[in-house]
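The structure appears below as structure tokens.
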Amino acid sequence: MGCNTRHTEMTQAGWDFLLKNPPDPSLEYLWRSNPDLIIGAATFDQNGFLVSVLTPQMSSQFEWLQATFGAVCFKSVLTTVLQLRGFQHLIIWGGTCNILLIKHSKHYLGLLLHQDTPEIVMNAILKTFTYLT
Numbered sequence: 018m019g020c021n022t023r024h025t026e027m028t029q030a031g032w033d034f035l036l037k038n039p040p041d042p043s044l045e046y047l048w049r050s051n052p053d054l055i056i057g058a059a060t061f062d063q064n065g066f067l068v069s070v071l072t073p074q075m076s077s078q079f080e081w082l083q084a085t086f087g088a089v090c091f092k093s094v095l096t097t098v099l100q101l102r103g104f105q106h107l108i109i110w111g112g113t114c115n116i117l118l119i120k121h122s123k124h125y126l127g128l129l130l131h132q133d134t135p136e137i138v139m140n141a142i143l144k145t146f147t148y149l150t
């Protein structure tokens, strides 16, 4: 089974450009209001398959992608087998960083955030994202 994943490892200038010109217009405010908090981003399709990854050079570790993929799969189990509905987001608190997984109407967005990102800031990101979608 193949996976058409686009990975972009960028210079800091490229990352800065992305933060100022996000690929998804609905995320513009999110990127612009939190550029120092977001280390990486990944999108997953409705089935949990990785679609694209955006990381700066200093963040080329992929353990967080495995954890995010696992979370998307776990969400599928909860909603299918246990028939739980209403999943909108989840937060994975890590040892060196945090992952925020947000359900969008057509995909999932995984954000890799600095470990010291306050919970109140994550809640603000969630409210902003919910408002924009």
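Going by the working numbering, the residue at position 55 of the sequence shown is 72; the numbering climbs one at a time, nothing skipped. In this text, a Cβ means the ideal position worked out from N, Cα and C, and glycines have one as well. These numbers come from a predicted model, not from an experiment.
- From this set, 113, 86 and 134, which residue's C-alpha is nearest residue 66's C-alpha? Position 49 of the sequence shown, counting from 1, holds the residue named residue 66. With distances taken between Cα atoms, residue 66 lies closest to 86.
- Message: Could you compute how far the alpha carbon of residue 88 sits from the alpha carbon of residue 119?
- Response: If you number the sequence shown from 1, residue 88 lands on position 71. If you number the sequence shown from 1, residue 119 lands on position 102. As the crow flies, the alpha-carbon of residue 88 is around 11 Å from that of residue 119.
- Taking all protein chains shown into account, do 16 or more other C-beta atoms lie within 10 angstroms of the C-beta of residue 57, making it buried, or fewer, making it exposed? On the sequence shown, residue 57 is found 40 positions in, with the first residue counted as 1. Buried is the call here.
- Reducing DSSP to helix, strand and coil, say where residue 97 ends up. By one-based count along the sequence shown, residue 97 stands at place 80. Correct three-state label for residue 97: helix.
- Going by CA-CA distance only, name the one from 97, 126 and 137 that's closest to residue 69. The residue you call residue 69 lines up with position 52 of the sequence shown. Of the listed residues, the one whose Cα sits closest to residue 69 is 126.
- Query: Where do the N-terminal and C-terminal ends of the beta strand (DSSP E) with residue 115 fall, by residue?
  - Reply: Residue 115 sits at position 98 when you count from the first residue of the sequence shown. Unbroken beta strand (DSSP E) run through residue 115: 114-120.
- Message: Relative to the C-alpha of residue 114, which candidate in 139, 144 and 60 has its C-alpha closest?
- Response: As a working note, residue 114 is residue 97 in the sequence shown. Nearest C-alpha to residue 114: 139.
- Item | Beta-bridge pairing of residue 59 - partner residues as DSSP gives them | Mapped onto the sequence shown, residue 59 falls at position 42. In the DSSP output, where bridge partners are listed per residue, residue 59 has 70 and 127.
- Consult DSSP for residue 143 and reduce its assignment to one of helix, strand or coil. As a first step, residue 143 must be located in the sequence shown, where it is residue number 126. Helix at residue 143.
- Item | Beta-bridge partners of residue 110, as assigned by DSSP | Your numbering for residue 110 matches position 93 in the sequence shown. DSSP lists 115 as partners of residue 110.
- Item | Alpha-carbon to alpha-carbon, residue 97 and residue 116 | Residue numbering aside, residue 116 sits at position 99 when the sequence shown is read from its first letter. Residue numbering aside, residue 97 sits at position 80 when the sequence shown is read from its first letter. Their backbone Cα atoms lie some 23 Å apart in a straight line.
- Query: With 16 other CB atoms within 10 Å as the buried threshold, where does residue 81 fall?
  - Reply: Numbered from 1 along the sequence shown, position 64 holds the residue referred to as residue 81. Buried, since its Cβ has 16 or more Cβ neighbours within 10 Å.
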